[in-house]
Amino acid sequence: PLVDPKSDEILVKNLFVGINATDLNITAGRYFKHSDPPYPLGFEALGQVVKTGSAIKDYSVGQYLVIKCGSGQIRGYSEYLYVTSADGLTVIPKPDPEYLALFGTSGLTASIGLSEGSRLASGEKVLITAAAGGVGHIAAQWALLKGCHVIATTSNDKKQE
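What follows is the structure, encoded as structure tokens:
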């Protein structure tokens, strides 16, 4: 059963979860080698606020939040999350497929790197290495949407498909 959030917590119903390399490494047994299962999964999630603690003023019921599970707790795969400001909360409009393409670590890395880091502009040539990976495939799509000529590399022919 769900309990009311503490005064500094927000209760969020999880709607989507980002799957990243850390999650894959945990399930493959490459992380947490010196502890017993079950292992926590999910660094990033997207959910809707269900209830807020009494001290919460910046968030309200019904808002959608992107959550970077911080405070040392990996738990994004949970059906409900109790989160605090330590979880890197970002309010977004109602989620749609266009927004979800940028969800999580890979999408944010690609979009920030190309749009803010390099100030990517239409007509430029862009080289994307490891274009079949999590960041690479989103970076290639991002650059194409910006009107750039994309040159992409992969480690083998199968990944080019």
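Under our numbering, the first residue of the sequence shown is numbered 63, with each subsequent residue one higher.
C-beta: ideal position from N, C-alpha, C; glycine also.
Asked	Found
Please confirm whether residue 82 has its beta-carbon closer than 8 Å to some beta-carbon of chain B.	Given the protein chain composition of this structure (a single chain), no chain B is represented.
Which whole-angstrom value is the C-beta distance of residue 140 and residue 76, which I expect to be below 8 Å?	6 Å
Closest by CA to residue 221, which one among 210, 199 and 211?	199
Roughly how many angstroms separate the alpha carbons of residue 189 and residue 183, rounded to a whole number?	14 Å
If you run the structure through DSSP and keep just helix, strand and coil, what is residue 54?	In the structure as shown, the chain begins at 63 and stops at 223. Residue 54 is therefore absent and cannot be evaluated.
Assign residue 104 to one of two classes, buried (16 or more other C-beta atoms within 10 Å of its C-beta) or exposed (fewer than that).	buried
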